[in-house]
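Enquirer: For the sequence shown, my numbering gives the first residue as 1, with consecutive numbering after it.
Input: one structure, supplied below.
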Amino acid sequence: MALLADIKNINRVVEQINQGGYDIRPQQFYDRVLLDTIKLGEENYVHTKYTESYSLPVGTEKLQKRRWGGLTAHTVPLLEGIPPIADKTSMEEITFTATQFGRYMEFTDRVDLDQIDPQIAHYTHELGDVMARTFEKYARETLLSAASALYGGNKASEDELILGDKVTIADLRFLALRFDRLLVKPLADGMFVYITSPETLYDLLDDPLVINYMKINNTTRELYENGQPFSLFRIKFVQTMLDESYGDLGNPGEFYDGAWKVRAFAIKDNGDIVFATFPAASRSTNNEDVYLSDGTAIPAGHKVEWDLTANHPDNGTLLEADGTVNENYTLTTEDKALMWSQLPIHRGILMGKDAMARIAIDGAGGVETIIKGLGSAGSNDPLNQRQTIGVKAKSIGFGIIRDEALCITYGVPTAAIATTNLTTDAYTRAKHTDDTADATDNLTPYNVDNEKVKKPITNKPKEPKIE
């Protein structure tokens, strides 16, 4: 198994195994590829790093935790010969549930599962990577369900956000102070963790408190050299791009306040930007199973789409090219005919100790490779033409332990519109395979719009004023 110690170049390893006469079972090889991928993926992802792990006994699917309340000090003296009133206990119960995830792919009899095949090795690697991202997405969605929220630009909701509504260091200082009053402790390193986007960190470099700190501290030059954020006011900054702007399923402008809505924007020819909120009437889900551009299968009812060509609101906010803001702007017929897009609202996650738990059943917390060879489907594969390879997470769950140990920030950084959809477009290009479909090998062609990823850079953030 020494050969499998470091699987970086799959094709090279496959050739060495097949040509060198190594006695390695294909299942064993694919399991190792899968485990290496899951491990490497999780090391580079951030949402699952700051969780507390719990194991469930075999045969159970739920974890119930109890949080006991404390007692309040008072200075009521004892009366002679009379016992005090007995205190009572207080308790809160929290329940977490473990669930399963799995993905698989079909192949024809042109692929031999009895030998180590480079195509199968590649897709095992890909399935492992997508499972790691599934864990990340699951953890992020759980964290974003927290009740506490802070909006950039002193706004009250997503319904009011426009470009430049930034989350500042002063905002985060206040949230850390709020954590103190809520008896939320920092994590093990004495820091609260703030998970956020590169665009948010881009703006924080120009924050007055950061600039002042760099003036009085000679150790912060690395922020200018490599862009690595430093900790401030007991807050550790952690960057991620695995957010609502990543992938074909993201809806960064969508929010819920009793009904589904989406915040959107459109750019006029003169550079002015119109912001408006579209109602739930523009929201729909897929009525049948669909495939995304990268071949991902999405069951009916799980892909949300917004039609921004109809149901335009009458009022919105106008941000003029010179920076003037009109919050009581009336949309014109020409405005409604513009090309509207979802506003890239960036969500940050500030957390302290006991924010989230990760649970798994004993012995079932890993991910396994499942291979079904030709003929294993019985009468459903009468000519031995179909075979599958898949991965399955038998047991994983996330849940919030203390809601008050989390706060979600909402903002629209100055570079948000200039970088919106770039990750999705680049990901599609990276996954490009062939210009023609080959149904026999389950290959799906990618329709890459070169104009989208090569279009001129517009709405670039204004240069900061350095004094």
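Don't be surprised by glycine CBs; every beta carbon is placed ideally from N, CA and C.
DSSP has LEU79 in a bridge; who is on the other side?
Expert: ILE82, per the DSSP bridge assignment.
Enquirer: According to DSSP, is MET191 helix, strand or coil?
Expert: If DSSP states are grouped into helix, strand and coil, MET191 belongs with coil.
Enquirer: Sort ASN251, LEU209, VAL58 and TRP306 by Cα distance to ARG283 and report the nearest one.
Expert: The residue with the shortest Cα to Cα distance from ARG283 is TRP306.
Enquirer: With DSSP as the reference, please indicate the residues paired to LEU319 in a beta bridge.
Expert: According to DSSP, which records beta bridges pairwise, LEU319 is partnered with ILE273 and VAL325.
Enquirer: Using only alpha-carbon positions, find the residue among GLY301, THR72, THR99 and ASN315 that is nearest to THR89.
Expert: Closest option to THR89, Cα to Cα, is THR72.
Enquirer: Anyone know if the C-beta pair for LEU242 and VAL412 falls short of 8 Å?
Expert: Not in contact: LEU242 and VAL412 (Cβ atoms no closer than 8 Å).
Enquirer: Measure from the alpha carbon of ILE349 to the alpha carbon of each residue in SER148, GLN64 and LYS62, then state which is nearest.
Expert: Among SER148, GLN64 and LYS62, the Cα nearest to that of ILE349 belongs to SER148.
Enquirer: If we count the other Cβ atoms within 10 Å of its Cβ and call it buried at 16 or more, is GLU334 buried or exposed?
Expert: GLU334 is exposed by the Cβ-count criterion.
Enquirer: Would you mind listing the beta strand (DSSP E) stretches within the region 366-403 that are 3+ residues and don't spill past its ends, in chain order?
Expert: Segments of the beta strand (DSSP E) lying fully in the region 366-403: 367-372 and 387-400.
Enquirer: Less than 8 Å between the C-beta atoms of LEU318 and ASN326, yes or no?
Expert: Result yes, Cβ atoms of LEU318 and ASN326 sit closer than 8 Å.
Enquirer: Determine the closest residue to ARG140 out of THR240, PHE265, HIS302 and ILE389, with distance taken between C-alpha atoms.
Expert: Measuring from the Cα of ARG140, the nearest candidate turns out to be THR240.
Enquirer: Less than 8 Å separating the beta-carbons of LYS353 and VAL184?
Expert: Yes; because the gap between Cβ atoms is below 8 Å, this pair is in contact.
Enquirer: Can the beta-carbon of LEU331 be found closer than 8 Å to that of VAL274?
Expert: In this structure, VAL274 lies closer than 8 Å to LEU331 by Cβ.
Enquirer: Is GLY164 helix, strand or coil by DSSP?
Expert: GLY164: coil per DSSP, three-state reduction.
Enquirer: Starting from VAL210, follow the alpha helix (DSSP H) in both directions and report where the run begins and ends.
Expert: Counting along the chain, the alpha helix (DSSP H) containing VAL210 begins and ends at 208-216.
Enquirer: Could you pull the DSSP bridge partners for LEU232 from this structure?
Expert: DSSP output for LEU232 lists ILE235 as bridge partner(s).
Enquirer: From ASN384 to GLU126, what distance separates their C-alpha atoms?
Expert: Roughly 25 Å between the two C-alpha positions.
Enquirer: Tell me the residue span of the alpha helix (DSSP H) that contains TYR54.
Expert: No alpha helix (DSSP H) contains TYR54, which is instead part of the beta strand (DSSP E) from 52-56.
Enquirer: Pick helix, strand or coil for ILE417, following the three-state DSSP scheme.
Expert: Helix.
Enquirer: Which runs of the beta strand (DSSP E) at least 3 residues long sit entirely within the region 240-297? Give them in chain order.
Expert: List check, beta strand (DSSP E) in window: 254-256, 260-267, 273-278 and 283-285.
Enquirer: ALA360: which of PHE96, VAL46, ASP87 and LYS49 sits nearest, CA to CA?
Expert: Comparing Cα-Cα distances from ALA360 to each of PHE96, VAL46, ASP87 and LYS49, the minimum goes to PHE96.
Enquirer: When you compare only the Cα positions, how much space is there between ILE396 and ASP403?
Expert: Taking the straight line joining both Cα atoms gives about 20 Å.
Enquirer: Which of the three DSSP states, helix, strand or coil, is assigned to THR433?
Expert: For THR433, the predicted model reports a pLDDT of 41, less than 50, meaning its position is unreliable and no value from the coordinates is stated.
Enquirer: For the putative contact between TRP340 and LEU308, defined by C-beta atoms under 8 Å, what is the C-beta separation to the nearest angstrom?
Expert: So it is a contact: roughly 4 Å between Cβ atoms.
Enquirer: Assign LEU150 to one of three DSSP states: helix, strand, or coil.
Expert: Three-state DSSP puts LEU150 in a strand.
Enquirer: So GLN387 packs on GLY373, CB below 8 Å; how close in whole Å?
Expert: Rounded, the Cβ-Cβ distance is 5 Å, consistent with contact.
Enquirer: Look at the Cβ atom of MET105, then the Cβ atom of GLY390, and state whether they are nearer than 8 Å.
Expert: Yes.
Enquirer: Check the C-beta distance from ALA170 over to PHE192 and give it rounded, since I have them as a contact under 8 Å.
Expert: Contact doesn't hold; Cβ gap of about 15 Å is too wide.
Enquirer: Less than 8 Å between the CB atoms is what I'm expecting for HIS47 and GLU136, so what's the real figure, rounded?
Expert: So it is a contact: roughly 5 Å between Cβ atoms.
Enquirer: Who pairs with GLU346 in a beta bridge, going by DSSP?
Expert: Residue identity check: residue 346 is His in the sequence provided, not Glu. Note: HIS346 sits in a beta bridge opposite GLY411.
Enquirer: Output the distance between the C-alpha atoms of LEU187 and LYS236, rounded to the nearest integer angstrom.
Expert: In a straight line, the C-alpha of LEU187 is about 10 Å away from that of LYS236.
Enquirer: Does the beta-carbon of GLY323 have 16 or more other beta-carbons within 10 angstroms, so that it is buried, or is it exposed?
Expert: That one is exposed.
Enquirer: So ALA176 is in the alpha helix (DSSP H); what residue range does that whole segment cover?
Expert: Run containing ALA176: 169-181, per the alpha helix (DSSP H) assignment.
Enquirer: Go through its chain and collect everything with a Cβ distance to PRO482's Cβ below 7 Å, but skip five positions before and after it.
Expert: Because residue 482 is not part of the residues shown, which for the chain are 1 to 467, the question remains open.
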